[in-house]
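In the working numbering, the protein residues as written are 2 to 240. C-beta: ideal position from N, C-alpha, C; glycine also. To start, the structure under review is shown below, and the notes come after it.
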Amino acid sequence: MTEALILQDPAQGGGTKAAQLILLLHGVGSNAQSMVGLGQAYARSFPNAMVVALNAPEPFMPGTQVQLAGHQWFSIHGVTEDNRPARVTQALPAFEALVRHWQQRSGVDAAGTALVGFSQGAIMALAAAMQPEPVAARTIAIAGRFAALPEAPPHESCTIHLLHGKSDAVMPYRHAIEGALRLKEFGADFTADVLPFIGHELHPDLIELAVEKLAQHIPARLWLKPGEGDDVGEGQKSE
């Protein structure tokens, strides 16, 4: 598995098993280190969570003139609106295998897993959320987009949060609006927030909002279809 940064592990040193797993997914050309600030914010709010910043499995733009010590979830060399979905689909099995590796290591299943992605990492997180058997119950997409607008609703176990800066010149905020409108058509459990004066960055306001969504948003399934033994408060904590 690719190198990762473990920012918090409750089980380390003989401690208790993690109650949640929060996986952080960087943008294209970047690396796990870029997600440390966000991860530290989650660690403070979720002391019983295992928080891990992942490195994408591919080196950034190999074989090109671009020289950056970064990684990519899929290649953007020659990427277009037409070929992006296929690239994401091709990258998804390795991505999901990476998520399952950390679920096995932490002992946390999909119901207790959150994927938090920035930019290209958000694209991958959203793609995983739309699978018939999603690897995570919570998805937070920061400055991201759907590779292609979904044709079917996400699994009822999924909650999706779209966060975007209105001044984002790299990934225009219209992608968040379009994604939100499609999720609304499906009656999906989601939120969408566009913050003014913020560009393509992990701005402190976006970090604060990302933590708030995971800490305070109660998934609709717990309100609408409470099952035997369900507890709204416990469900919130375990997400």
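Residue i in three-state terms, based on DSSP
i: Gln13; result: coil
i: Met131; result: coil
i: Leu150; result: coil
i: Gly28; result: coil
i: Pro220; result: coil
i: Thr90; result: helix
i: Val80; result: coil
i: Leu184; result: helix
i: Ile199; result: coil
i: Met36; result: helix
i: Met1; result: The requested residue 1 does not occur in the structure, where the chain is confined to residues 2 to 240.
i: Pro60; result: strand
Local Cβ density within 10 Å of residue i, reported as buried at 16 or more and exposed below that
i: Leu116; result: buried
i: Gln68; result: Here Gln68 scores only 48 on pLDDT, less than 50, and its place in the model is too uncertain to base an answer on.
i: Asp169; result: buried
i: Lys214; result: buried
i: Gly188; result: exposed
i: His78; result: exposed
i: Thr90; result: exposed
The ligand PLP heavy atom lying under 6 Å from the CB of residue i
i: Arg139; result: This structure lacks the ligand PLP, and indeed carries no ligand of any kind.
Identified DSSP bridge partners for residue i
i: Phe191; result: Ile161
i: Phe75; result: DSSP, once it has assigned bridges, lists no residue as partnering Phe75.
i: Ile7; result: Val53
Beta carbon of residue i nearer than 7 Å to that of residue j
i: Ile124; j: Ala148; result: yes
i: Leu150; j: Ala128; result: no
i: Ile161; j: Phe119; result: no
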